[in-house]
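Heads up: the structure comes next, in structure tokens.
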Amino acid sequence: MKNILFFLGKGGVGKTTSSVSLAYYLARKGFSVYLVSIDPAHNIFDILGANLSKNDEAIIAEEVDIDAYVENFIKETTNKMKQTYKYLQIINLDKMIEIMKYSPGMEEYAIMYALKEKVEANLDKDYIIVDTPPTGLMLKIFALPFNSKLWINKLIKWRKKILNARASIANINPSAIREDLPLNENEDDVLKELGIQSKIIDFMTNLFKNKTTKIILVLNQDLLSIKESVRIKKGLDSLGISLNLILLNKKGLVNTTDINISFKNLFKDIPIKEVPFLKSNFLDKNTLISLAELWADAVICN
Amino acid sequence: MFKQIKKFINSFIEGFKQQSTSAIELELHEMENAFALICFASLMGMPSPPSYVGMALLPYLEYEIQLMIFKSSRLDDKLAEFFALGDI
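Top line first, the protein sequences correspond to chains A and B.
Using the numbering used here, the letters of the first sequence map in sequence onto residues 1 to 302.
Using the numbering used here, the letters of the second sequence map in sequence onto residues 1001 to 1088.
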């Protein structure tokens, strides 16, 4: 697995700016970098439009269209359904797409799937930097493979039991089992699909737990951001995922000595780096690199 | 004469075969029914496993869904099913 860096944090703390500054820093050091935003409300190009062309130096930057992934998944399923359930061809399934798009869990799945596809396609790069959606959604994405793995493993076991029972009955009394039903594991489409899902899940759990994957929590010195960061840490702890760096961004924006003390106690096991608040509305490439220089060594292996 | 005896014995064998698998068949149908129910657990108000797992399997579960609907329609007759199983 390549060096993959995730930037997490509350909305507006500076995840995108930090991820882009690291991308520039690494590119200047001669590394090839793939920078991807999986935030449905992405803004890599909005913030750095003037700075970062789509293929700047050694950086390939991309904003993933999550809605397109959701639609694609639903369309693929609908097409498969039309092939299996022939009588559905007279019903207009397309109308259902709009409703299914907003089913719980669909967005998380689409993001997880997109992430897998993008990481796999860019394994030739030295570094992959992932700018993530704000806390709530990202924690669900982290939890999804672990939660799904549990269920998929159980479903695979269950399905194998069903196939065994079918085969045993068919062996004694063939007329008791419908002819078109699969009897062995190689013929069963359900088991095949569960196998595909299982591979995706394994890839993601490996990705999140691999030693070369670094998770950087960006936060500001305000109480809301700190409280949310504590929730992120708790959520990740419960999944066995560890944080590699706390990036205290926009330091000096608010004068809060009391918060600072409690903040340092909360994250005492994790390295903390500080990035000062800059008044300028527009950060040019050199400024961004100089910001990354303050902390990048803490997460860069080479 | 020989053919008639053979036919008579075969009908016995068939009868035994059916009787020997009927309990496993019932268990199998329950497993298939429960498999479909779990895949679409949100139908019962339980959003787990994640709905995309159910959706990914949906195209291949025609038989199990039919069975699930059939079983659900007979839920009020569970006692009769139980007696039938015990051959009472």
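Think of the CB as a built atom: it goes at the ideal place given N, C-alpha and C, for glycine as much as any other residue.
Please read these numbers as outputs of a predicted model, since none were measured by experiment.
Check: Classify residue 247 of chain A as buried or exposed, calling it buried when 16 or more other Cβ atoms lie within 10 Å of its own Cβ.; Outcome: buried
Check: Taking C-beta pairs closer than 7 Å, name the residues in chain B that residue 104 of chain A reaches, listed in chain order.; Outcome: 1047, 1051
Check: Is it buried or exposed, residue 289 of chain A, if we count other Cβ atoms within 10 angstroms and call 16 or more buried?; Outcome: buried
Check: Is residue 152 of chain A close to chain B? Criterion is C-beta to C-beta, closer than 8 Å.; Outcome: yes
Check: By the three-class DSSP mapping on this structure, what secondary structure does residue 50 of chain A have?; Outcome: Note that residue 50 of chain A has pLDDT 48, beneath the 50 cutoff, so the model's placement of it is unreliable and no number is given.
Check: By a C-beta neighbour count over all protein chains shown, 10 Å radius and 16 as the cutoff for buried, is residue 1059 of chain B buried or exposed?; Outcome: buried
Check: Closer than 6 Å by C-beta to residue 167 of chain A: which residues in its own chain qualify, once you throw out the five before and the five after it? Chain order, please.; Outcome: 183
Check: Measure the alpha-carbon distance for residue 1079 of chain B versus residue 266 of chain A and round it to whole angstroms.; Outcome: 59 Å
Check: Is residue 1024 of chain B near residue 165 of chain A, with beta carbons less than 8 Å apart?; Outcome: yes
Check: Is residue 1036 of chain B near the ligand MN, with its Cβ less than 7 Å from a heavy atom?; Outcome: The model on display carries no ligand, and the ligand MN is accordingly not part of it.
Check: With C-beta atoms as the reference, is residue 285 of chain A less than 8 Å away from residue 24 of chain A?; Outcome: yes
Check: Is the CB-CB distance between residue 196 of chain A and residue 139 of chain A below 8 Å?; Outcome: no
Check: If we cut at 8 Å on Cβ distances, does residue 50 of chain A have a partner in chain B?; Outcome: The pLDDT assigned to residue 50 of chain A is 48, lower than 50, so where the model puts this residue is not dependable; a value taken from the coordinates is nonetheless given after this. Not closer than 8 Å to any Cβ of chain B, the Cβ of residue 50 of chain A fails to qualify, so no.
Check: List, in chain order, every chain A residue whose beta-carbon is nearer than 7 Å to that of residue 1017 of chain B.; Outcome: 172, 173
Check: Straight-line CA distance for residue 142 of chain A to residue 200 of chain A?; Outcome: 13 Å
Check: Which residue comes first and which comes last in the beta strand (DSSP E) that contains residue 145 of chain A?; Outcome: Taken as a continuous stretch (DSSP letters only), residue 145 of chain A belongs to no beta strand (DSSP E), being part of the alpha helix (DSSP H) at 135-172.
Check: Along the alpha helix (DSSP H) that carries residue 187 of chain A, what are the first and last residues, could you check?; Outcome: Run containing residue 187 of chain A: none; DSSP gives neither H nor E here.
Check: In whole angstroms, what separates the C-alpha of residue 21 of chain A from that of residue 223 of chain A?; Outcome: 25 Å
Check: Pull up the distance between the alpha-carbon of residue 206 of chain A and that of residue 213 of chain A, whole angstroms please.; Outcome: 9 Å
Check: Using DSSP's beta-bridge definition, name the partner residues of residue 126 of chain A.; Outcome: According to DSSP, which records beta bridges pairwise, residue 126 of chain A is partnered with nothing at all.
Check: Taking the alpha-carbon of residue 16 of chain A as reference, which of A:107, A:61, A:131, A:116 has the nearest alpha-carbon?; Outcome: A:131
Check: Counting C-beta neighbours from all protein chains within 10 Å, is the total for residue 123 of chain A 16 or more, i.e. buried, or is it exposed?; Outcome: exposed
Check: Can you tell me whether residue 85 of chain A is helix, strand or coil according to DSSP?; Outcome: coil
Check: Report the option in A:76, A:287, A:272 whose CA atom is closest to the CA atom of residue 299 of chain A.; Outcome: A:272
Check: Rounded to a whole number of angstroms, what is the C-alpha to C-alpha distance between residue 50 of chain A and residue 1038 of chain B?; Outcome: A caution first: residue 50 of chain A carries a pLDDT of 48, below 50, which makes its placement in the model too unreliable to give a value.
Check: Could you tell me whether the Cβ atoms of residue 171 of chain A and residue 1018 of chain B are closer together than 8 Å?; Outcome: no
Check: Output, in chain order, the set of chain B residues within a Cβ distance shorter than 7 Å of residue 147 of chain A.; Outcome: 1050
Check: For a contact defined as C-beta to C-beta under 8 Å, what are the partners of residue 1031 of chain B on chain A?; Outcome: 158, 161, 162, 165
Check: Between which two residues does the beta strand (DSSP E) containing residue 275 of chain A stretch?; Outcome: 272-276
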